[in-house]
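Below is one structure, written out as structure tokens, with a few remarks after it.
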Amino acid sequence: MLGDDKVEAALADPETTDLPVKVKAMMRLLTRVTKEHGALTADDVAPVLAAGVSRDGVLEALAVGWAFNVITRLADAFEFEVGSRAFFDAGAKMLLTRGYK
């Protein structure tokens, strides 16, 4: 488990964390997909593959990133409110009791 501090640091600036090179490369790609999807080219994927992420790994990460981008845009459009930290902790606890890890 990464822990809140490490996740926050990685989201703020993945380059300054001790995350694996593969993870940093994928985070750079997902950031570009999210912020500049219209300018994306095969050249953006090449460093991720060079870092050792498989083609299937890239496709999987892009699918997850796509889902989160859609959910975020829908949440913004419908003006959903994010629950409190206690709300998320309770949900995580419930999921853990049902076998999610």
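Be aware that the sequence shown starts at 22, since it is given in the working numbering, and climbs by one per residue.
Ideal Cβ placement from N, Cα and C applies to all residues, glycine included.
Predicted model, so just to flag it, every value in this text is computed and none were measured.
Delimiting residues of the alpha helix (DSSP H) encompassing Glu57: Here the question's residue 57 lines up with position 36 in the sequence shown. Segment Val42 to Glu57, the alpha helix (DSSP H) holding Glu57.
Where does Gly73 fall in DSSP's three states? Position 52 of the sequence shown, counted from the first residue, corresponds to residue 73. Correct three-state label for Gly73: coil.
Option in Gly112, Lys43, Met115 and Val91 with minimal Cα separation from Val69: Stepping through the sequence shown from its first residue, residue 69 is reached at position 48. Nearest option by C-alpha distance: Lys43.
Check for me: the alpha helix (DSSP H) holding Thr118 runs from which residue to which? Here residue 118 refers to the residue found at position 97 when the sequence shown is read from its first residue. Unbroken alpha helix (DSSP H) run through Thr118: Arg106 to Thr118.
Considering Leu32, what are the terminal residues of the alpha helix (DSSP H) in which it resides? Within the sequence shown, residue 32 is the residue found at index 11, counting from 1. That run of the alpha helix (DSSP H) goes Asp25 to Ala33.
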